[in-house]
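Working notes, beginning with the structure itself.
Chains as they are written, first to last, in this note's numbering: chain A, 67 to 376; chain B, 592 to 842.
This is the structure:
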């Protein structure tokens with residue numbers, strides 16, 4: 067665990083240096099990369115550790131974005147609005163988890179997929195509060211220069227990513243993480259061994275929501291303008307799963323690797339194949355998953371999760 | 592606690608129109624080793640599922656240590672001291688043998704996460720003779736070893752009642768003898784044991800009392816020697832061949 071924490075700290079310090087390069091393109095890419103990292107790591111709590119394929123990421127992201135945006139519109143300071151967004155996603159995940167996590171496997175996946183659509187419709191129809199289909203403008207941050215803003219949001223996203231990673235590391239090396247592994251391997255056997263499976267799954271689901279909610283709020287502040295189809299985009303859910311599969315499910319660094327690899331692919335492919343880029347990307351993902359079923363980490367001999375537990 | 596450790600009062604479990612267990616009353620005192628026999632489909636495993644809360648009773652009640660546990664969830668029953676092994680062994684395949692037992696020690700046995708759970712797990716693995724396999728993946732074990740793992744997990748749960756659901760199925764004669772030794776050792780620790788078993792040899796040599804289920808109903812109970820002479824039992828379970836004087840063997 068110490069080793070993992072040290073590696074992460076070094077990684078974090080390295081990533082913190084990116085703004086020195088200063089170019090707007092790299093800052094934008096870096097911020098997106100960190101956001102993808104948050105999304106992938108968050109999915110790992112429920113999808114990787116507990117083995118429940120959740121499609122709720124888009125719901126949490128949109129909920130966070132709108133909570134943050136509305137809170138700021140009502141005059142809350144930005145930082146507080148972000149925290150509120152995290153809390154909203156946490157509470158929503160708790161309520162949703164208690165209802166949905168009674169379902170197993172495919173049923174849970176489909177139920178979680180619908181949630182984002184429902185939220186999107188709700189936001190669409192609550193025109194007074196959210197602007198509905200017109201979208202919502204956010205107040206511009208105090209910093210005058212575009213460059214300073216870009217750097218600020220880069221570090222804000224880095225903060226959320228570091229928080230997510232710390233939570234993930236702590237969970238993997240705790241009773242909760244151990245219980246989730248039991249559930250992932252054989253849920254009824256875990257139940258028989260005294261694991262309160264519902265409670266553990268809901269906890270994992272809440273962890274998978276809170277940081278995505280915060281990232282959504284940071285994203286909203288970053289881009290100044292959000293609309294329902296943008297933040298409740300089901301692609302967020304799909305990307306989260308693809309990134310974790312690319313990196314290695316259930317592991318500590320897998321989701322981060324996966325996020326970095328996915329964004330690189332997305333960026334490279336998008337530039338070279340403007341017309342058919344989603345098709346090419348899809349093909350690449352199929353190939354990667356076929357030949358690297360355990361993700362990038364199949365190259366590493368010792369998976370971090372296989373270290374001396376419990 | 593003065594009454595029996597486990598008491599079933601008129602327990603019925605229905606699946607749709609089928610009564611898998613029908614009006615079964617049974618009382619098991621502390622420290623007894625009791626056998627449950629019956630033909631396939633007699634409701635033996637359902638009875639275990641009713642006790643552990645997997646399929647709560649449709650009617651009647653289950654009492655454990657004087658408490659009504661009819662509606663408790665399986666994980667609650669586990670923490671109260673009811674451990675079970677499965678007819679088809681259920682380890683966590685991608686975890687090590689040690690982790691499997693440590694999970695039982697932690698979640699049901701109340702051991703703390705980390706060193707304590709691991710120490711207890713090692714002790715139980717030594718007891719069942721799996722000490723050398725502690726670091727292996729559970730999926731890599733042979734069937735006989737997996738059955739031993741089930742015993743170790745059961746013990747790690749610090750049970751007051753251990754429910755053994757056909758732990759000997761699929762084992763060869765030597766392995767069965769070893770398993771018998773193990774069960775005797777566990778009973779000697781004061782754990783009350785309820786054994787579901789097809790092998791008459793096992794039940795006859797371990798149990799002080801046998802109950803017989805047939806079509807979900809409890810048709811007879813008593814000492815092993817009187818049970819195997821009971822005509823209803825011979826008719827229902829052992830078959831006509833035994834009624835004509837054959838020696839009991841596994842069926």
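Glycine included, C-beta positions come from ideal geometry on N, C-alpha and C.
On a predicted model such as this, the values are computed, not experimentally measured, just so you know.
- What does residue 240 of chain A reach in chain B if we use C-beta pairs closer than 8 angstroms? 704
- Quick one: residues in its chain with C-beta nearer than 7 angstroms to the C-beta of residue 131 of chain A, no 5 flanking neighbours on either side, listed in chain order? 282, 283, 285, 286, 292, 297
- Query: For the 8 angstroms Cβ check, are there 3 or more pairs between the stretch 316–326 of chain A and the stretch 175–189 of chain A?
  - Reply: no
- Message: When you compare the CB positions of residue 743 of chain B and residue 712 of chain B, do they come within less than 9 angstroms of one another, or not?
- Response: yes
- Query: Secondary structure at residue 614 of chain B, three-state DSSP: helix, strand or coil?
  - Reply: strand
- Query: Applying the criterion that 16 or more other CB atoms from any shown protein chain within 10 Å of the CB defines a buried residue, is residue 73 of chain A buried or exposed?
  - Reply: exposed
- What are the start and end residues of the alpha helix (DSSP H) that includes residue 86 of chain A? 84–87
- Message: Quick check: the stretch 266–276 of chain A against the stretch 234–245 of chain A, are at least 3 beta-carbon pairs closer than 8 angstroms?
- Response: yes
- Task: Could you spell out the range, first to last residue, of the beta strand (DSSP E) harbouring residue 810 of chain B?
- Result: 808–813
- Query: residue 263 of chain A CB to nearest chain B CB: under 9 angstroms?
  - Reply: yes
- Could you tell me whether any Cβ in chain A is nearer than 9 angstroms to the Cβ of residue 725 of chain B? no
- May I ask you to report which of helix, strand or coil DSSP gives residue 276 of chain A? helix
- Message: Short of 6 angstroms in beta carbon distance, which residues of its chain neighbour residue 605 of chain B, apart from the five on each side in sequence? Order them along the chain.
- Response: 649
- Task: Anything in chain B within Cβ reach of residue 247 of chain A, meaning under 9 angstroms, just list it in chain order.
- Result: 683, 685, 686, 690, 694
- Task: Show which residues of chain B have a CB atom less than 7 angstroms away from the CB atom of residue 251 of chain A.
- Result: 683, 684, 685, 686
- Return helix, strand or coil for residue 330 of chain A, following the three-state DSSP convention. helix
- Does any C-beta atom of chain A lie closer than 9 angstroms to the C-beta of residue 783 of chain B? no
- Message: Counting C-beta neighbours from all protein chains within 10 Å, is the total for residue 140 of chain A 16 or more, i.e. buried, or is it exposed?
- Response: exposed
- Positions along the stretch 664–677 of chain B whose CB lies within less than 7 angstroms of some CB in chain A: 665, 666, 669, 670, 675
- Query: Hey, is residue 376 of chain A's beta-carbon within less than 9 angstroms of any beta-carbon in chain B?
  - Reply: Any reading at residue 376 of chain A needs caution, since the residue's pLDDT is 40, under 50, leaving its predicted position unreliable; the model's value is listed next. So yes, residue 376 of chain A belongs to the interface.
- Taking the beta strand (DSSP E) that residue 652 of chain B falls in, what are its first and last residues? 650–655
- Message: Which of the three DSSP states is assigned to residue 296 of chain A in this structure?
- Response: helix
- Item | Where the beta strand (DSSP E) through residue 598 of chain B begins and ends | 597–606
- Query: Pairing CB atoms from the stretch 683–703 of chain B with CB atoms from the stretch 723–733 of chain B, are three or more of them under 8 angstroms?
  - Reply: yes
- When the Cβ atoms of the stretch 93–109 of chain A are set against those of the stretch 146–157 of chain A, are three or more pairs found closer than 8 angstroms? no
- Query: On the premise that residue 167 of chain A lies in contact with residue 237 of chain A, defined as a C-beta separation below 8 angstroms, what is that separation, rounded to the nearest angstrom?
  - Reply: Incorrect: roughly 17 angstroms between the Cβ atoms, too far for contact.
- Message: Whole angstroms are fine: how far does the CA of residue 795 of chain B sit from the CA of residue 781 of chain B?
- Response: 20 angstroms
- Message: Quick check on the DSSP output: what are the complete beta strand (DSSP E) runs of length 3 or more inside the stretch 174–248 of chain A, in order along the chain?
- Response: none
- Any Cβ of chain A within less than 9 angstroms of the Cβ of residue 635 of chain B? no
- Message: For a quick check, are the C-beta atoms of residue 574 of chain B and residue 751 of chain B less than 9 angstroms apart?
- Response: No answer is possible for residue 574 of chain B: it lies beyond the span of chain B, which begins at 592 and ends at 842.
- Message: I need the DSSP call for residue 685 of chain B, collapsed to helix, strand or coil.
- Response: coil
- Query: Whose C-beta lies closer than 6 angstroms to the C-beta of residue 67 of chain A among residues of the same chain, with five residues either side of it excluded?
  - Reply: 239
- Message: Please list, in chain order, the residues of the stretch 252–286 of chain A that have any C-beta partner in chain B closer than 8 angstroms.
- Response: 252, 254, 255, 256, 257, 258, 259, 260, 261, 262, 263
- Message: To test your reading of the DSSP string, which unbroken beta strand (DSSP E) runs of 3 or more residues are found completely within the stretch 619–670 of chain B?
- Response: 624–628, 650–655
- Task: Consider the Cβ of residue 385 of chain A: report whether some Cβ of chain B lies at a distance smaller than 9 angstroms.
- Result: No statement about residue 385 of chain A is possible, as the shown extent of chain A runs from 67 to 376 and does not include it.
- If you follow the beta strand (DSSP E) that residue 803 of chain B is part of, which residue opens it and which one closes it? 800–805
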